[in-house]
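Engineer: If you count the sequence shown from 1, you need to add 1192 to reach the working numbering.
Submitted below is the structure of interest, expressed as structure tokens.
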Amino acid sequence: MSKWKHNYGYLKSDSPQFRLVSIHPGAKPFPIEASLVTHALHDHPPYEALSYVWGETNLIDPDLIILNGCGFHVTYNLWVALYALRDEKDVRTFWIDAICVDQDDLDERSSQVQLMREIYKGATRTVVWLGGESFWSLKLFEYLKSTTFKKGWDNEGERQLVIESQLQVQDQLATDEHVQKIIKRGLYNDLAQRPFWKRIWIVQEVVLASQVTILCGPDEMAWSSFALAIWNIDQIINVAMPSYNPAIGGLLNLETIDCLREIRNLRSTFSLADLIACLRGSRATDPRDMVYGLLGLVADTSIRPDYSKATTRDVYTSLVEQCVKEYKSLDIITMRRKSSSDHGLASWVPDWSDPWIEDEHNIADPAMPLILKYVNGNLLHEFTTIDDRVLRRAEDGVELKLKPWCAHGQTLPKACIAKSLGSLTARGVLIGSIIELGDVLSRLEDDGELFFFNTMSNWEELMLRTFGNCKSLSRDLWTVDIFDNFLKIMDKHLMEQGVDLSVEKNEKYKVREQQRTHRVAHYSQTFARYVEGGCLNEAFLRTLLTDIDMDYQRLTVEQSAGFWDINRTESFKLVYCMTFATNRRLLITENGYIGLAPIRAQKGDRVCVLYGCSVPLVIREREGMVTLVGEAYVHGVMDGQAIDLKSSGMLDEREWTMS
């Protein structure tokens, strides 16, 4: 950071040291005066820690404070924060990274990052600075402080109190226009869009703290109260204001951070791979900090911060290597997101520097990770803290069991990494080559209202062309009936919501009727069974839904049957379970497997299950080189069946060296 250079001096290397800055009392318009003192890490006065975004540096008209009697340059956001933190009567002592660490000394930065865990745990509290106030932020905090929010219960009485509290807030959001404006403009248009929430460093700064206070201009609020309020609003906003589509911005990270605080309080441990995958939407100015910024949350890791020598490629590759050696898992490679990288990464090394880039498919967002604990903080919380993986469903208080995918059949990786060559050699089971690929299922067309009409039609065409028009064994239903039922369910839902799409709908139905008539006449009727057994139509439907419901539970026979009754809410819920199919493509292999492939998959790519990887992968073999394309859902092999088929000689074991 550009600043007036301060003579820091060296910190001792034989015993951990760090610096604290004391802000002298005062009031505007007098400038900030502060003193910087070095202390032993385990012998220091009480202090607070500041969590904030550096922000832009003003080089033309620099913002200065007086540090140890000399001018010291800080960013504007920190300058405003210091004025908000300064007390008129008492000295306040803080740890603030931009002041307490010599940012020009790469070795010191590396060593201080290793102390972050102790520094933030040792603070009496962490102050989160969201930035200065706005008109609507003032209104928002006024509303949040005046409203009662509740979450969680230990008995039926407490459960009723939670429901009553949520109904009260729901009624306010549905009927009070002033409250609606406050939530729209103060929460979603202002606070949710502030850069603080997507800064990777804030995660450990908040999670490690014993006490956290939110500060936004003059408004102060305990983290627990703030997070609880946001959680309640987020739970009911779609019900109370169905026509409003909020831009949640960084609030997804707020929820994840709050879940991580709960995990920490339960003394559970974090996996670095799980953390970075779950926080994949965060940002860091230095791409290496996407890993370094989370090290304080991990008890044991072989990765050490090194700003002077380690490149981004070194750091990201080391993360995969640690997963293989220490976590005995290849799951992290499923998070591959880019077709190319600015950092010279191998295809099997996820690029965390940018969560997504638009490509030739014009897809604005990545597909949802198939590994459930990577999806969001709530699921990571459930898989990390509860042995039998129980998820409490708030609307009816029923406890449901989660079951993660286990395509590897509990096998450990048979893999080795040659960092100098940028290669990963791994063994696994070959499922087959892709012979058919559907269009990308995107929510962009028709705003999702008629539910991916063209893509669903394309997928149906591929199924009919490959397998014929199959009839279900247990009922008089054909392949073409699946698409028809999706349309009926969405049509019924739109009418109930008062949405008039009659003109557009009629045009779509005319096209659909022509398609259906042609396809029924053109394709032969069959009773084909799926390659893994059971009804082919059932396999197709379950593939569209990745075989799980809205609560991430495996589909039961009753739920699958409920899809065909458009008068049941179950059918509508299942349609919206196509979340995992969004931004993926239907795949069909040469030996009859169907599934969902990454958008960049091509015909001729191979589908495999690597030992130690929870979900199947799509790989590309071209001109003697093997590259990873991405993860895939393949119906019938998600629970270890491929490993069993290899043992019985039905599928082959292979070894691939990916570059």
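Cβ atoms here follow ideal geometry from the backbone N, Cα and C, with glycine treated the same way.
Predicted model, so just to flag it, every value in this text is computed and none were measured.
(1) Please report the straight-line C-alpha distance between I1740 and L1747, rounded to a whole angstrom.
(2) Measure the Cβ-Cβ separation of A1789 and A1824 and say whether it is below 9 Å.
(3) Could you tell me if E1928 is buried or exposed, where buried requires 16 or more neighbouring beta carbons within 10 angstroms of its beta carbon?
(4) DSSP beta-bridge partners for N1661?
(5) Count the other CB atoms within 10 Å of the CB of G1201; is the residue buried (16 or more) or exposed (fewer)?
(6) I believe I1392 touches D1481 by the beta-carbon criterion, under 8 Å. Please report the beta-carbon distance rounded to the nearest angstrom.
(7) Enumerate in chain order the residues of its own chain whose CB-to-CB distance from M1770 is below 7 Å, with the five nearest sequence positions on each side excluded.
(8) Going by DSSP in three states, Y1202 sits in which element: helix, strand or coil?
(9) Classify P1479: buried if its beta carbon has 16 or more other beta carbons within 10 angstroms, exposed otherwise.
(10) Assuming L1377 contacts W1328 (C-beta within less than 8 Å), just tell me the rounded distance between them.
(11) Near E1904, which residues of its chain fall below 6 Å by C-beta distance, leaving aside the five closest residues on each side in sequence?
(12) Who does W1287 pair with in a DSSP beta bridge?
(13) What do you get for K1565, buried or exposed, if any count of 16 or more other CB atoms within 10 angstroms of its CB means buried?
(14) For M1413, write down the residues that DSSP places opposite it in a beta bridge.
(15) Within the same chain, show all residues whose beta-carbon is closer than 8 Å to that of N1661, passing over the 5 residues directly before and after it, in chain order.
(16) In the segment 1745 to 1804, which residue ranges form an unbroken alpha helix (DSSP H) of at least 4 residues, counting only runs that do not cross its ends?
(17) When you compare each of V1229, I1394 and K1390 to G1442 by their alpha carbons, which one comes out closest?
(18) To test your reading of the DSSP string, which unbroken alpha helix (DSSP H) runs of 4 or more residues are found completely within the segment 1475 to 1515?
(19) Since I believe P1605 is in contact with V1516 (beta carbons under 8 Å), could you give me their beta-carbon distance rounded to a whole number of angstroms?
(20) Quick one: what's A1618 bridged to in DSSP?
(21) Let's test the definition: count the other Cβ atoms within 10 Å of the Cβ of M1742 and tell me whether it reaches 16, buried, or not, exposed.
(22) Would the beta-carbon of F1388 fall within 9 Å of that of S1243?
(23) Around the C-beta of S1207, are 16 or more other C-beta atoms found within 10 angstroms, so that it is buried, or is it exposed?
(24) Label R1278 either buried or exposed according to how many other C-beta atoms from any shown protein chain fall within 10 Å of its C-beta, with 16 as the threshold for buried.
(25) Under the assumption that L1778 contacts L1654 (Cβ atoms under 8 Å), give the Cβ distance between them as a whole number of angstroms.
(26) Taking Cβ to Cβ, would you say T1526 is nearer than 9 Å to L1336?
(27) Provide the residue(s) that pair with L1228 in DSSP beta bridges, ordered along the chain.
(28) Which of the three DSSP states is assigned to T1318 in this structure?
(29) By the three-class DSSP mapping on this structure, what secondary structure does A1586 have?
(30) Within the same chain, show all residues whose beta-carbon is closer than 8 Å to that of L1843, passing over the 5 residues directly before and after it, in chain order.
(31) Using the C-alpha atoms, what's the distance from R1496 back to T1509?
(32) Measure the C-alpha to C-alpha separation of N1729 and G1822 and round it to an integer number of angstroms.
(33) Anyone know if the C-beta pair for A1793 and I1524 falls short of 9 Å?
(34) Considering only the alpha carbon of each residue, which of I1455, A1414 and V1361 lies closest to T1405?
(35) Please report how far the alpha carbon of I1549 lies from the alpha carbon of R1351, in whole angstroms.
(36) Rounding to the nearest angstrom, what Cα-Cα distance links P1438 and S1545 in this structure?
Structural biologist: Considering the structure as presented:
(1) CA-CA distance, I1740 to L1747, rounds to 5 Å.
(2) By the CB criterion at 9 Å, A1789 and A1824 fall inside the cutoff.
(3) Nothing can be reported for residue 1928: it is not among the residues displayed for the chain, which extend from 1193 to 1851.
(4) Its beta-bridge partners are Q1717.
(5) Its Cβ having fewer than 16 others within 10 Å, G1201 is exposed.
(6) Contact annotation, I1392 with D1481: C-beta distance approximately 6 Å; criterion of less than 8 Å satisfied.
(7) If we look at M1770 and ignore the five residues flanking it on each side, its Cβ neighbours are L1736 and L1737.
(8) It is coil, neither helix nor strand.
(9) Of the residues assessed, P1479 falls on the buried side of the cut-off, its CB having 16 or more other CB atoms within 10 angstroms.
(10) First, the residue type needs correcting, since residue 1377 is Arg and not Leu in the sequence shown. Separation of the CB atoms of R1377 and W1328 is rounded to 4 Å, and the pair is thereby assigned contact status at 8 Å.
(11) Here the chain covers residues 1193 to 1851 and nothing more, so residue 1904 does not appear.
(12) BP columns for W1287 point to A1241.
(13) Under this definition K1565 is a buried residue.
(14) Bridge partners of M1413: I1406.
(15) Excluding sequence neighbours, N1661 sits near W1670, T1671, V1672, R1711, V1712, Y1715, S1716, Q1717 and T1718.
(16) With a minimum length of 4 residues, the continuous alpha helix (DSSP H) runs that stay inside the segment 1745 to 1804 are 1749 to 1754 and 1761 to 1767.
(17) Nearest neighbour of G1442 by Cα position, chosen from V1229, I1394 and K1390, turns out to be K1390.
(18) List check, alpha helix (DSSP H) in window: 1481 to 1484.
(19) The Cβ separation is near 5 Å, so the contact holds.
(20) DSSP lists A1607 and W1848 as partners of A1618.
(21) With fewer than 16 other Cβ atoms inside 10 Å of its own Cβ, M1742 counts as exposed.
(22) In this structure, S1243 lies closer than 9 Å to F1388 by Cβ.
(23) The residue is exposed, with fewer than 16 neighbouring Cβ atoms inside 10 Å.
(24) By the neighbour-count rule (16 or more Cβ atoms within 10 Å), R1278 is buried.
(25) Right, the Cβ-Cβ distance comes to about 6 Å (below 8 Å), so this counts as a contact.
(26) T1526 places its beta carbon 9 Å or farther from that of L1336.
(27) According to DSSP, L1228 shares a beta bridge with V1213.
(28) In this structure, T1318 counts as strand in the three-state DSSP scheme.
(29) Because A1586 carries a pLDDT of 43, less than 50, the predicted location of this residue cannot be relied on, and the following value inherits that uncertainty. Coil, per DSSP.
(30) Around L1843: V1621, L1622, I1623, A1834 and L1837.
(31) Approximately 13 Å, taken between the alpha carbons.
(32) If you take the alpha carbons of N1729 and G1822, they lie about 26 Å apart.
(33) Result no, Cβ atoms of A1793 and I1524 do not sit closer than 9 Å.
(34) Closest by alpha carbon: A1414.
(35) Here I1549 scores only 45 on pLDDT, less than 50, and its place in the model should not be relied on; the value that follows carries that caveat. Take the alpha-carbon of I1549 and the one of R1351: they are about 43 Å apart.
(36) Roughly 26 Å between the two C-alpha positions.
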